[in-house]
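Protein chains in written order, with this note's numbering: chain A, 286 to 555; chain B, 242 to 677; chain C, 146 to 433. Report on one structure; see the data block that follows.
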Amino acid sequence: MKITKNAFLAGFLIFTLFPVFWMLKISLTPDRLLFTEGIVMWPSRITFDHYYAVLLEGSFPDYFINSFIVSFTTAAMVTIIAALAGYALSRFDFKGKTIIITLLLITQMFPIVMVIAPIYNVLTFINLVDSLAGLILVYTAFNLPFACFLMQTFFDGIPIELEEAAMIDGCTRLQALEKVTLPLCLPGIGATLGFVFTAAWSELLFALMFINRQSQMTFPAGIMNFVTKFSVDWGQMAAAMILALIPVCLFFAYIQRFIVQGLTAGSLKG
Amino acid sequence: MIKAAMIFVIVVLGYALSQAMSDKDHDPNNLLIVEVNTSPERTKLLRGQLDSFEAANPGMTVDVISLSWGQAFEKIAMMVAGGKAPDVVEMPDFWLSRYVSAGQIADMTPYINEDDFDDDLEADTFDYGSINETLYTIPYGYYLRALIYNKKLFAEAGIEKPPLTLDDFYNTAAKLSELPGVSGFCHHGGRGGPVFFYWIMTTMNGNVDFFDEAGNSTFYNQGAIDGLTLIRDIYKNGYAPKDSVNWGLNETVSGFYSGTCAMLHLTPDSLAALNTRMDPDDFASTPMPLGPSGKSFPHLGYIGWSVMEQSTKKAAAFKLVEHLLERENHKQWAELSGLVPIYKEILEDIFDEDGIGAGWLKTTQDDRWSYMINPNYLPEIAEFDSITVVQSGQAMMLGEKTPEETAKMWADFLTAAQKKYIAENENPENESKANE
Amino acid sequence: MNKAWFYLAPTLLFIFLLVLVPLVTGISYAFYDFDLISGTKEFVGFDQFKRILSEDEIFTMSLVNTLFWTSSSLFFQFTFGFALALILNSGFKGIKFIQPLLFVPWAVPSFLIGLMWVWMFNPVTGPLPYIFEAIGLMDAPENILSDPDHAMWGPITANVWYGIPFFTIMLLAALKSIPGEIYEAASIDGVTRFQAFRYITVPLIAPTIIITLLIRAIWISNFAEIIIVMTGGGPANSTQIVSTYIYDTAYQKMDFGYASVLSIALLFMLMLYGLTLGRIRRKMISYV
């Protein structure tokens, strides 16, 4: 049993990390050796030039800061707003609930390419084209439906009796939510935060379409600078990608505590 | 906790609101220019030329938006549709008719005419940028095709000369493919590759025109079908790499410099990418092979600067276009981009008879070669070029369709588009001129 | 007025303004002869719907490809994602460091995923063809992306790589929400491990399973970027799925009207799928 488990785990690690390793290798390979050495696991000579260029010569530090602002704000906004909606969908019975759920689902079914132009017009109308604030609003709107379902599912899993008991003890509904239900819901909140953060961190199409100025670009849009009409600057692009993965790893390392801690922190025996 | 969360949401929304209320500049002296074929070095040069424009016109400022090639078309379409069109746009030939027929590009004729330029200008420059005798764009350089070949691999295969005719081309490709791990020809089967088909079809036809006078496509002529059969055979016999059927420009270039394939149909702007990765002594260029008629019709594409109809600062915008095309600026531009310049003298400065540019220089100077221009005035050309021919060309190379069926399909598409165009414009003769 | 609306208001406001309004606009293109660049619109009713029913071979082909693309991607993503979630849930030494690494693919922008795997599959630049040759999948190290019979496996591999972490995170969070007391009680009653999994774990995380399967299927069938970057729908349309076809129709042919018709067709099929899954969900929950 344990051996099978470890074998699986090793398999997943190799499958997940090998392409990343290959990119790391490319990012360290000098341009001239990239195509001349054939398929090798490690270049005969490595260079940090690409990292140097990305970090010090281009605008990548700016892109990373923009990406961080956008992703973090979006993740927090979505999680808060979706927690409210998920709570309503889980705890209340009301007319139109099925319609709302269906509507939320339908928003996910229409191809994004068909709505880019209309969204652009909405953003023009509210004067938020080419600004990070506009991008945050769009990301929030597009991540909300799934986050709502997710929060609903997690609220569904928490016995309503606990909340009712707290309300009998004199808590208001909001107090009961804050003191009893939310702590139990931490794994769900952690998963939602992580999901939305990475979705916003890696989103390209909206970022490319709604941002013009270099100073407002996020990292995925900035990385497109390395893809010109007839060649790709593989070394620098790989370096930028490796660098971009670091904050995400740190973020996950941080939020995994919520996902794992969840129930031990709350008390179910109340 | 809930309270803090609510305050956070309100602060973010308040920030968005303040952004929405802020009046973004509607400065009458500010021009916006969009470049689409972006590279970091080129953006730097463009910025420098814009700075000199600002210096020469005190009070004017110019902002530049650099789009990456892959998404530029969608993005400009959206900016235009959203009523936020820039003033000056870098306009590739195959987009031009779309924007012109939508009434989005300003007529240059009142602002710029040929007399402003000297005789050294390539004679057809203004024709290329015109639709229905109205000037909409001025090319900033030509994407002319020639053949580059790997001298080292040629020597290894015992081939002394680059191919002069299509027969030589076929035999050379076959001979090169005898080398282990090498294919003769780098076929460009994905997006951007179809001009090779057009070249081989017109060259085998011995006629550069896409249409006869009645508006029927020449792609179903016997020569055109033979041309397709020739390239299909090159692929089928393994003289081109198997995966080249879906190669984009990136893959063909890396296929060439990695030595996977030894001949490549290329525009001169890609040479820079090759020079950083290959020894310049290891490869050379030659004009595209001649057809049975003793002529060859390499494709000539162009990208130019256009002023948008929505612009409220047209006079200044045209002045900027003229500034970018001034001889000195154009020379820097041509040197950096590697394109065939629009001034003949600069051409001779940049493309050296003994250097890598020899193939292009010969193409421009020798009568046996004349340029093939796509029917860019047809609004359907972008669809034809980027979807129809790519997918059905692949089906032909893979043996799912015969060259004859394929040629018929393409000819039918083009004939329908051309006849529609003739019906809509009473005076079509002006247009066929642009093909000559 | 029900209190629920107070909790739902912010969500509905966002969705209405930035999703629903654009969505309705996008759907309305289907009834117009619409040119994005000039902004001219001419009402044509259902004319454009006739085309999809009668004469569009590529649509039929791309529909079959969409089914294959979606079901294969979903199957592998879910199976591997679930397995990984179970492994992570059971815990092991060093999990703190390994767990964040396993989530990495989800954070890579999709076009970069495409470029990365193109590189891996190319015999000039990547090791995969040689590995395939060594284990006997191929006779010679060739690029799978140019073989019309197998090209789809390229993007599917990339998509599976990208999508496993999604299921892992979601299912892991669901597994972690199951109170440990339930298992304790069960083991006292002498329930085997497999029985506990079958009769406690699966029913309790079933709602999460259903919702993730539903939403991922929708996303995957609408997910065009990886295919566009890796094969552009080729060779010879062999990797053309409905959403890449929609993309080409809208932005290469600039035919937004017909692209919208295609999108509506896709929308209907996804709704059918959603309905079916919704039924299953209701049944499963009523059993619990």
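The C-beta atom is built at its ideal place from N, Cα and C for all residues, glycine as well.
What residue does the beta strand (DSSP E) around B:Val-548 start on, and which one ends it?
First-last of the beta strand (DSSP E) with B:Val-548: 541-548.
Cβ shell of B:Ile-400 (< 8 Å), same chain only, five flanking positions each side left out
Only residues of its own chain outside the window of five on either side were considered, and among them Thr-413, Lys-416, Leu-417 have a CB closer than 8 Å to the CB of B:Ile-400, listed in chain order.
Coil, strand or helix - C:Ser-217 by DSSP:
Helix at C:Ser-217.
Proximal chain A residues relative to B:Ser-280, where beta-carbon distance stays under 7 Å
At a C-beta separation below 7 Å, B:Ser-280 has these neighbours in chain A: Thr-513.
Residues sharing a beta bridge with B:Met-613, DSSP:
BP columns for B:Met-613 point to B:His-540.
I want to verify the contact list: residues of chain A whose CB lies under 9 Å from the CB of C:Met-416, in sequence order.
By Cβ distance, chain A contributes Thr-387, Leu-390, Ile-391, Met-394.
If you reduce the DSSP assignment to three classes, tell me which class B:Glu-621 lands in.
B:Glu-621 falls in the coil class under three-state DSSP.
Enclosing beta strand (DSSP E) for C:Pro-286 [first to last residue]:
No residue range can be given for C:Pro-286, since it is assigned to no beta strand (DSSP E) and is classified by DSSP as neither H nor E.
Which one of B:Gly-496, B:Pro-327, B:Phe-249 has the shortest CA to CA distance from B:Lys-554?
The shortest C-alpha separation from B:Lys-554 is found at B:Pro-327.
Between B:Asp-653, B:Lys-603, B:Ile-243, B:Ala-513, which has its C-alpha nearest B:Thr-459's C-alpha?
The residue with the shortest Cα to Cα distance from B:Thr-459 is B:Asp-653.
Would you mind telling me which residues of chain C sit closer than 8 Å to A:Tyr-372, beta carbon to beta carbon, in chain order?
The answer, in chain order, is Tyr-152.
Can you find a CB in chain A that lies within less than 9 Å of the CB of C:Lys-186?
With 9 Å as the cut-off, C:Lys-186 does not count as an interface residue toward chain A.
If you measure from the beta carbon of A:Asn-351 to each beta carbon in chain B, is any gap under 9 Å?
It does not; no Cβ of chain B falls within 9 Å.
Take C:Phe-256 and list the residues in its own chain whose beta-carbon comes closer than 6 Å to its own, dropping the five residues that flank it on each side.
Cβ within range, chain order: Glu-370, Val-374.
Between the region 499-513 of chain A and the region 334-347 of chain A, can you find at least three pairs of beta-carbon atoms closer than 8 Å?
Yes, since at least three Cβ pairs between the region 334-347 of chain A and the region 499-513 of chain A fall closer than 8 Å, the two stretches touch.
In chain order, what residues of the same chain lie with their CB nearer than 7 Å to the CB of C:Leu-349, ignoring the 5 residues before and after it?
Cβ within range, chain order: Ile-323.
Rounded separation between B:Asn-271 and B:Gly-596 - CA only
Roughly 43 Å separates the two Cα atoms.
Excluding sequence positions up to five away, which residues of its chain have a Cβ less than 7 Å from the Cβ of B:Arg-288?
Exclusion of the five residues before and after B:Arg-288 leaves Val-305 as the residues of its chain whose Cβ lies within less than 7 Å of its Cβ.
I'd like to know whether the C-beta atoms of A:Asn-291 and C:Phe-237 end up nearer to each other than 9 Å.
Result yes, Cβ atoms of A:Asn-291 and C:Phe-237 sit closer than 9 Å.
Specify whether the region 581-596 of chain B and the region 374-388 of chain B touch according to this definition: at least 3 beta carbon pairs, one from each stretch, less than 8 Å apart.
Touching, per the Cβ criterion.
Would you call the region 388-408 of chain A and the region 167-184 of chain C touching, i.e. three or more CB-CB distances under 8 Å?
Using a C-beta cut-off of 8 Å, the region 388-408 of chain A makes contact with the region 167-184 of chain C, since at least three inter-stretch Cβ pairs fall below that distance.
Give the interface partners of B:Tyr-498 over in chain A, defined as CB-CB distance under 7 Å, in chain order.
Ordered by position in chain A, the residues that pass the 7 Å Cβ test against B:Tyr-498 are Phe-320.
Quick one, which residues of the region 414-429 of chain A are near chain D if we go by CB-CB under 9 Å, in chain order?
Of the protein chains in the structure, A, B and C, none is chain D.
Between A:Ala-550 and chain C, is any beta-carbon pair separated by less than 9 Å?
Low confidence applies to A:Ala-550: its pLDDT is 38, below 50, so where it sits in the model is not reliable enough to give any reading.
With DSSP collapsed to three states, give me the class of A:Asn-428.
Look at A:Asn-428 here: in three-state DSSP terms it is helix.
If you check the beta carbons only, do B:Met-332 and B:Ile-622 fall under 9 Å apart?
With respect to B:Ile-622, B:Met-332 sits apart: the two C-beta atoms are not nearer than 9 Å.
For A:Phe-536, three-class secondary structure by DSSP
In this structure, A:Phe-536 counts as helix in the three-state DSSP scheme.
Since B:Asp-304 sits in a beta bridge, which residues does DSSP pair it with?
B:Asp-304 is bridged to B:Leu-273.
Own chain residues within Cβ distance below 7 Å of A:Asp-518, not counting five before or after
Shown here for A:Asp-518: same chain residues with a beta carbon closer than 7 Å to its own, the five before and five after excluded, namely Phe-511 in chain order.
Which listed residue (C:Gly-226, C:Tyr-307, C:Ile-240, C:Ser-408) has its alpha carbon closest to that of C:Val-253:
Of the candidates C:Gly-226, C:Tyr-307, C:Ile-240, C:Ser-408, the one whose C-alpha sits nearest the C-alpha of C:Val-253 is C:Tyr-307.
Going by beta carbon distance, what residues of the same chain come within less than 8 Å of C:Arg-196, once the five residues before and after it are set aside?
Excluding positions up to five away in sequence, the list reads Tyr-403, Val-406.
On the DSSP bridge assignment, give the partners of B:Asn-391 in chain order.
B:Phe-524, per the DSSP bridge assignment.
Given that a residue counts as buried once 16 or more other Cβ atoms are within 10 Å of its Cβ, and exposed if not, what is B:Pro-669?
Note on B:Pro-669: pLDDT 46, under 50, position unreliable in the model; the coordinate value appears next. Its Cβ being crowded by 16 or more others within 10 Å, B:Pro-669 is buried.
At 7 Å on the CB atoms, spell out the chain B contacts of C:Pro-293, in chain order.
In chain order: Leu-639.
Let me confirm a value: B:Asn-373 is counted as buried when at least 16 other C-beta atoms fall within 10 Å, else exposed. Which label applies?
So B:Asn-373 ends up on the exposed side.
Under 6 Å Cβ to Cβ from B:Gln-691, same chain only, skipping five residues before and after it: list those, please.
For chain B, the structure presents residues 242 to 677; residue 691 of chain B sits outside this window and is missing.
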